[in-house]
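Residue numbers (my numbering): 1 to 214.
Worksheet: the structure to be examined is printed underneath.
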Amino acid sequence: MNTTRIRTAFKAFGIHFGISLLVAALVALLVFTIWYPYPFRELAGGRDLFILVIAVDIICGPLLTSILFSPTKPKKELITDISLVVIVQLLALGYGIWNVWLARPVYLVNDGNRFHVVSRISLDSKYINSLEPALQPKFFSGPMKVSMREVAFFEQSTVDALTQVGKNKSLLPQLYVPYDGTKAYQNASSVNALLKVMPKRLKLKQLPKAGTSG
1 MNTTRIRTAF
11 KAFGIHFGIS
21 LLVAALVALL
31 VFTIWYPYPF
41 RELAGGRDLF
51 ILVIAVDIIC
61 GPLLTSILFS
71 PTKPKKELIT
81 DISLVVIVQL
91 LALGYGIWNV
101 WLARPVYLVN
111 DGNRFHVVSR
121 ISLDSKYINS
131 LEPALQPKFF
141 SGPMKVSMRE
151 VAFFEQSTVD
161 ALTQVGKNKS
171 LLPQLYVPYD
181 GTKAYQNASS
191 VNALLKVMPK
201 RLKLKQLPKA
211 GTSG
């Protein structure tokens, strides 16, 4: 057994793993402070998706490096091998982040009776792009609070179609209007009332402390 080969491969793995961990920490800062601030990381499942993406990325990249790395290889060949590993790792990370970005909650929609967390992937881009700029989600922005206007007569068939498949009109961004906090407050239920209905959801007690943008 070539102990030198094992030692150098382990060192290469450690260096690559450390760099990957640093990149993962920077991405986590973006994901959990902007895209999935508390409590949305719990409500929208962003934490589990992110952990899956990052775990695969920071393990597979360094592992491939340790397999391909050898002190006996010519420098040019070694650089080519490591470069290919890094490119594949970055592509995989980019694809994973893109999916995390698509799944992120972009709106906290108040329909007059309750709030709905709506993710980007649930909405039609055509209608999002037709919204006024202030209501359009930005890349570096978190969930935005919006209200909903009354459904027009010609839109009722669309709402009915959503209802028939078990979905809510909160998925129709063409109905979004700037957030009306006064109206939402008038129709709000207390946290204690919600806990009586869902006694196991103790995290509800923390929701009033959680801020959202918009």
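Just so you know, even glycine gets a beta-carbon here, dropped at the ideal spot from N, CA and C.
Bridge pairing for residue 107: 118, 144 [DSSP]. If you draw a straight line from the Cα of residue 22 to the Cα of residue 168, it comes to about 40 Å.
Rounded to the nearest angstrom, the gap between the Cα atoms of residue 163 and residue 119 is 18 Å. Assignment of alpha helix (DSSP H) within the region 21–54, counting only whole runs of 4 or more residues, yields 40–43 in chain order. In this structure, residue 16 keeps its C-beta atom at 8 Å or more from the C-beta atom of residue 71. Inter-residue distance for residue 125 and residue 104 is about 14 Å (C-alpha atoms, whole angstroms). Across the structure, residue 166 and residue 18 are spaced so that their CA atoms are roughly 46 Å apart. Considering only 76, 59, 58, 81, the residue with the shortest C-alpha distance to residue 69 is 81. The C-alpha of residue 93 is placed about 27 Å away from the C-alpha of residue 75. Taking a C-beta distance under 8 Å as the contact criterion, residue 36 and residue 46 qualify as a contact pair. A direct Cα-to-Cα measurement between residue 33 and residue 144 gives close to 14 Å. For residue 159, there is no enclosing beta strand (DSSP E); the enclosing alpha helix (DSSP H) covers residues 156–164. With 16 or more other Cβ atoms from the protein chains shown falling within 10 Å of its own Cβ, residue 142 counts as buried. Residue environment for residue 108: buried (at least 16 other C-beta atoms within 10 angstroms of its C-beta).
A distance below 7 Å between beta-carbons, with the five flanking residues on each side excluded, links residue 171 to the following residues of its chain, in chain order: 118, 122, 123, 162. Here residue 148 has 111, 175 as same chain residues with Cβ atoms under 6 Å from its own Cβ, once five neighbours each way along the sequence are excluded. Around the beta carbon of residue 79, fewer than 16 other beta carbons lie within 10 angstroms, which makes this residue exposed.
When C-alpha distances from residue 113 are compared across 4, 27, 106, 181, the shortest belongs to 181. About 24 Å separates the beta carbons of residue 66 and residue 28, which is beyond the 8 Å limit, so they are not a contact pair. Leaving aside the five residues that flank residue 60 on each side, the residues in its chain whose CB is nearer than 8 Å to its CB run, in chain order, 89, 92. At least 8 Å separates the beta-carbon of residue 53 from that of residue 106. Around the Cβ of residue 133, a 10 Å sphere holds fewer than 16 other Cβ atoms; the residue is exposed.
Residue pairing for residue 176: DSSP places it in a beta bridge opposite 148.
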